[in-house]
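Student: Mind looking over this structure? Questions follow.
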Amino acid sequence: MAKRFGEKPVFADVSFRLARGEAVALVGANGTGKSTLLRCLMGLIPASSGSVHLLGQQTNAATGRQLRALRAQVGLVSQKHNLVPRLSVLSNVVHGLLGKHPGLRHWSHSLAPHASRVAAMSALERVGLADFANRRADRLSGGQSQRVAIARAIVGTPSVLFADEPCASLDPSAGEDVMELFFRLVRDEGVSVVFTSHNIEHALRYGDRVLGLAQGRLRLDATAVSLSAADLRGLYD
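Numbering (numbering that gives the first Met the number 0), first residue to last: 0 to 236.
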């Protein structure tokens with residue numbers, strides 16, 4: 000797979016498989032295309048050449064309806080929490096069901112069906128924020144906001160989770176808490192996950208496998224247990 004914007008190449012010759020229940024860390028310096036690669040994998044933007052197969056669907060050949068059905072099986076956690084500030088925590092988590100149930104009923108928890116509210120509360124319980132369900136999202140700390148974003152990502156019981164620098168906006172302590180929580184949930188549910196990180200220790204600790212992007216190519220694809228921090232630092236030279 001390759002991606003370019005106009006005449007500017009981002010990456011080329013990227014090819015890998017993601018196993019069921021596997022956690023893959025995607026590392027590399029700023030500007031190497033990690034976030035762009037995630038967006039291609041999710042079908043949010045098209046690859047310039049090659050193909051992407053996700054959950055049995057070739058995303059670059061899928062219709063709009065097929066892509067919507069595919070995205071309903073995928074969760075996303077990003078460094079920007081993208082919560083709606085004026086809405087409650089519970090309503091923000093209910094938004095995670097919009098892929099499966101588009102429409103106004105899943106814009107607010109007060110309009111959502113009972114089953115959706117129960118699912119959202121269950122997701123909040125799993126991230127330890129059930130007591131914050133009625134709090135406005137703009138009254139949360141950074142760590143709490145990211146936990147809500149995780150609850151929103153898992154409420155629809157996705158088969159695959161993508162996480163783009165999930166701890167980049169958090170202090171080290173909150174970042175560790177979020178990573179531990181995130182991957183405990185992943186392991187419990189057997190979800191496949193691809194996450195980007197600048198934190199080498201996180202990549203080695205939480206990834207089963209590590210992919211390294213550098214100079215527009217996939218320069219590394221190895222199991223985390225076979226690597227050291229020194230192996231990954233070479234990608235940033």
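Ideal Cβ placement from N, Cα and C applies to all residues, glycine included. It should be emphasised that the depicted structure is a prediction, and the values quoted were computed from it without experimental measurement.
#1: My parser needs the alpha helix (DSSP H) runs of 4 or more residues fully inside the region 124-194; what are they?
#2: Could you tell me if THR31 is buried or exposed, where buried requires 16 or more neighbouring beta carbons within 10 angstroms of its beta carbon?
#3: With contact counted as at least three CB pairs below 8 angstroms, one residue from each stretch, are the region 107-123 and the region 165-174 in contact?
#4: Using the Cα positions of LEU203 and GLU164, report the straight-line distance between them to the nearest angstrom.
#5: Report the CB separation of ALA148 from LEU40 in whole angstroms; it is logged as a contact under 8 angstroms.
#6: With DSSP collapsed to three states, give me the class of LYS33.
#7: For the beta strand (DSSP E) containing ARG208, list its first residue and its last residue.
#8: Tell me the DSSP bridge mates of LYS2?
#9: Among GLU21, HIS108 and VAL13, which has the Cα closest to the Cα of THR222?
#10: Give the range of the alpha helix (DSSP H) segment to which ALA229 is assigned.
#11: So, is SER77 buried or exposed, given that buried needs 16 or more other C-beta atoms within 10 angstroms?
#12: Are the region 85-103 and the region 146-162 touching, with three or more C-beta to C-beta distances below 8 angstroms?
#13: Quick check on LEU239: does DSSP put it in helix, strand or coil?
#14: Taking Cβ positions, are PRO87 and ARG135 nearer each other than 9 angstroms?
#15: Answer with buried or exposed for GLU208, where buried requires no fewer than 16 other C-beta atoms within 10 angstroms of its C-beta.
#16: Applying the 10 Å Cβ sphere with the 16-neighbour rule, what's the burial state of ASN133?
#17: Determine, using beta carbons only, whether LEU210 and LEU25 come nearer to each other than 9 angstroms.
#18: Leaving out the 5 sequence neighbours to the left and right, which residues in its chain are closer than 7 angstroms to ALA11 when beta-carbon positions are compared?
#19: Assuming ARG90 is part of the beta strand (DSSP E), what are its boundary residues?
#20: Would a C-beta distance cut-off of 9 angstroms place ARG116 and LEU89 closer than the cut-off?
#21: Span of the alpha helix (DSSP H) holding SER63?
#22: Between GLY27 and the rest of its own chain, which residues show a CB-CB distance below 7 angstroms, the 5 nearest in sequence each way excluded?
Tutor: Reading it off the structure:
#1: 141-153 and 171-188
#2: The count along the sequence shown starts at 1 and reaches residue 31 at position 32. Burial call: buried.
#3: no
#4: Walking along the sequence shown from the start, residue 203 turns up at place 204. Walking along the sequence shown from the start, residue 164 turns up at place 165. Those two C-alpha atoms are separated by around 15 angstroms.
#5: Along the sequence shown, read from residue 1 onward, the residue named residue 148 stands at position 149. Along the sequence shown, read from residue 1 onward, the residue named residue 40 stands at position 41. With a Cβ gap of about 19 angstroms, ALA148 and LEU40 do not count as contacting.
#6: Here the question's residue 33 lines up with position 34 in the sequence shown. The answer is helix: DSSP assigns LYS33 an H, G or I state.
#7: To locate residue 208, count along the sequence shown from 1; it is residue 209. 208-213 is the span of the beta strand (DSSP E), which, as asked, contains ARG208.
#8: Along the sequence shown, read from residue 1 onward, the residue named residue 2 stands at position 3. According to DSSP, which records beta bridges pairwise, LYS2 is partnered with PHE10.
#9: Residue 222 sits at position 223 when you count from the first residue of the sequence shown. Answer by Cα proximity: GLU21.
#10: For this step, residue 229 is matched to residue 230 along the sequence shown. Start and end: 228-232.
#11: Numbered from its first residue, the sequence shown carries residue 77 at position 78. So SER77 ends up on the buried side.
#12: yes
#13: Here the chain covers residues 0 to 236 and nothing more, so residue 239 does not appear.
#14: Here residue 87 refers to the residue found at position 88 of the sequence shown. Here residue 135 refers to the residue found at position 136 of the sequence shown. In the sequence as displayed, the identity of residue 87 is Ser instead of Pro. Yes, they are a contact pair.
#15: Locating residue 208 in the sequence shown gives position 209, counting from the first residue. Here residue 208 is Arg; the residue named in the question, Glu, does not match the sequence. Burial call: buried.
#16: For the purposes of this step, residue 133 is taken as residue 134 along the sequence shown, with counting starting at 1. Exposed is the call here.
#17: Residue numbering aside, residue 210 sits at position 211 when the sequence shown is read from its first letter. Residue numbering aside, residue 25 sits at position 26 when the sequence shown is read from its first letter. Yes.
#18: Residue mapping note: residue 11 aligns to position 12 of the sequence shown, counting from 1. Taken in chain order, the residues that qualify are ALA1, GLY215 and ARG216.
#19: Taking the sequence shown and counting its residues from 1, the one referred to as residue 90 is at position 91. Before going on, a small fix: residue 90 reads as Ser here, not Arg. Not the beta strand (DSSP E): SER90 falls in the alpha helix (DSSP H), residues 88-93.
#20: Start at 1 with the first residue of the sequence shown, and residue 116 comes out as number 117. Start at 1 with the first residue of the sequence shown, and residue 89 comes out as number 90. Cβ atoms of ARG116 and LEU89: closer than 9 angstroms.
#21: Within the sequence shown, residue 63 is the residue found at index 64, counting from 1. Reading off the sequence shown, one finds Gly at residue 63, where the question assumed Ser. From DSSP, the alpha helix (DSSP H) with GLY63 extends over 63-70.
#22: Position 28 of the sequence shown holds residue 27. Hits under 7 angstroms: LYS33, GLY211, LEU212, ALA213 and LEU234.
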